[in-house]
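What the sequence shown shows, in my numbering, is residues 288 to 685, in sequence order. Below: the structure, in structure tokens.
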Amino acid sequence: MIAIGVPQEIAPGERRVAVVPDTVRALVKAGATVLVQAGAGAHAFYPDAAYAEAGATMVPDVATLYEKSDVVVKIQPPLANGPGGRHEADALRESSVLVALLNPLSNLDLVKALAARRVTSFSLDAVPRSTRAQRMDVLSSMATVAGYKAALIAAEVAPKLFPMFVTAAGTLAPSRVLVVGAGVAGLQAIATARRLGAVVEGFDIRPAVKEEVESLGATFVGPKLSAEEAQDAQGYAKALSAEKQTEAQELLRARVPQADVIITTARIPGRQAPRLVTDEDLAKMRPGSVILDLAADSGGNVEGSVAGETVVRHGVTVVGPLRLDSMAPVHASQLFSRNLLAFLQLLLKDGALHLNFDDDIVRDTCVTHDGAVRHAATRERLEAAAPPSAAATGGGAR
């Protein structure tokens, strides 16, 4: 019977837990043993008693949990200062399985460490965008939470009210909100800002999202592009030609000064976030305007934004929030846990682990296996980062 371990997250500010009690019940029913570190769900308001009642075995010592687990499931990638002061990757049993949000393109040293320990690792941020994989799409689930929270924080920070008010003292105009990027986070931010009564515009280069933006009661803003120019086969925005990029930037730049609140959501997996709002743009905004940069932790969409901090530039408040999904840990943990369960059900059969690398979901999410790096994009980045070999430089004997 396979043992699945759920440790407490140790990343600063992380309040979520990878598995909630309802998922424990489903895993136990599927024939697995579930080990949960005592206190793992406390920050998300899931008490130990609820896990025990669901059939989990509570483990007071995290080092023991890692030693006894065939599969370890986490939210954040393994970090330093884990069991006994060791790196969490070093605490994993050799040849065990790890499932988490590994972000392998940005965590190359971690990938090498996992391969060295012959850990089979799966990164949930690599789940393909397909109908079959929707139930496992952790990024979309967490983006839903982040987009919702972004709009609420913007409304709290802004010096203006979001909705229009008609009072005896006169009418107050509604705030104008511009959401840049109409992915899952952007669409949720649009929907929430509209529910709060703001006048909302949604900017995106992909014409395919126009209908979604407008269905939420917002105005779509975007350059005139074909679907082939604007998005790749999986529906993500792709790099534009220099001419089209200039056209899109000018269109966005014209909308920025008219906004009371801007929420930016543009990210590129494994790369620095695109710079969309410059210092020059900030200088043209009205004093008291607010920007929430949801990509602040990956370089920022806004010039001068700082991850985890609020700064004021040219009278504009620029917020660089971190871990917005952890600000709603109950529901965020539920969503993550349901996505994780769907993924684990793909790997488990009769209580045992079965890895079918002919399955596109298993293949695309697998980062390391049997001492090798299987994730193609990560392997290419590792090879590009490797120093020239002695043979390549003509020195040394083989």
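Heads up, the beta-carbon is just placed ideally off N, CA and C, and yes, glycines get one too.
Taking a contact as a CB-CB distance under 8 Å, the pair F449 and A442 counts as one, their CB atoms being some 5 Å apart. A Cβ-Cβ separation of about 20 Å leaves V593 out of contact with G575 under the 8 Å criterion. DSSP places V311 within a helical segment (H, G or I) once states are collapsed to three. Spanning the alpha carbons of L622 and T479 requires a straight line of approximately 19 Å.
Looking only at F507, T551, A553, D491, the smallest Cα-Cα distance to A535 is reached by D491. It is roughly 22 Å from the alpha-carbon of A619 to the alpha-carbon of V466. Residue burial annotation: T407 is buried, with at least 16 other C-beta atoms found within 10 angstroms of its C-beta.
A residue is called buried once 16 or more other Cβ atoms fall within 10 Å of its Cβ, and V599, having fewer, is exposed. By the C-beta density criterion, Q559 is exposed, having fewer than 16 other C-beta atoms within 10 angstroms. Straight across, the Cα-Cα distance linking T597 with R404 is about 40 Å. A Cβ-Cβ separation of about 28 Å leaves R562 out of contact with E301 under the 8 Å criterion. Taking all protein chains in view, the Cβ of M423 is crowded by 16 or more other Cβ atoms within 10 Å, so the residue is classified as buried. If you draw a straight line from the Cα of N368 to the Cα of P294, it is about 13 Å long.
Partner residues in the beta bridge of F409, as assigned by DSSP, are V386, C653.
Nearest in C-alpha terms to A582, of all of R380, T344, A433, Y353, is A433. Among the bridge pairs identified by DSSP, Q324 is matched with V346. Between V311 and A341, the C-beta spacing is below 7 Å. Taking the Cα of A413 as reference, the smallest distance to any Cα among L401, D396, L392 is reached at L392.
With a cutoff of 7 Å on beta-carbon distance, A305 and V358 are scored as not near each other. Within the same chain, and ignoring the five residues on either side of T506 in sequence, the residues whose Cβ sits closer than 6 Å to its Cβ are E488.
If you keep only unbroken alpha helix (DSSP H) runs of at least 4 residues inside the segment 443-513, you get 471-482, 497-502.
Around H662, the same chain offers P391, V654 as residues with beta carbons nearer than 6 Å, after the five sequence neighbours per side are excluded. DSSP, reduced to helix, strand and coil, places T533 within a helical segment of the structure shown. Apart from the 5 residues on each side of it in sequence, N626 sits with its Cβ closer than 6 Å to the Cβ of M423, V425, S428 in its chain, given in chain order. Looking at the backbone, the Cα of M345 and that of V617 are separated by about 20 Å.
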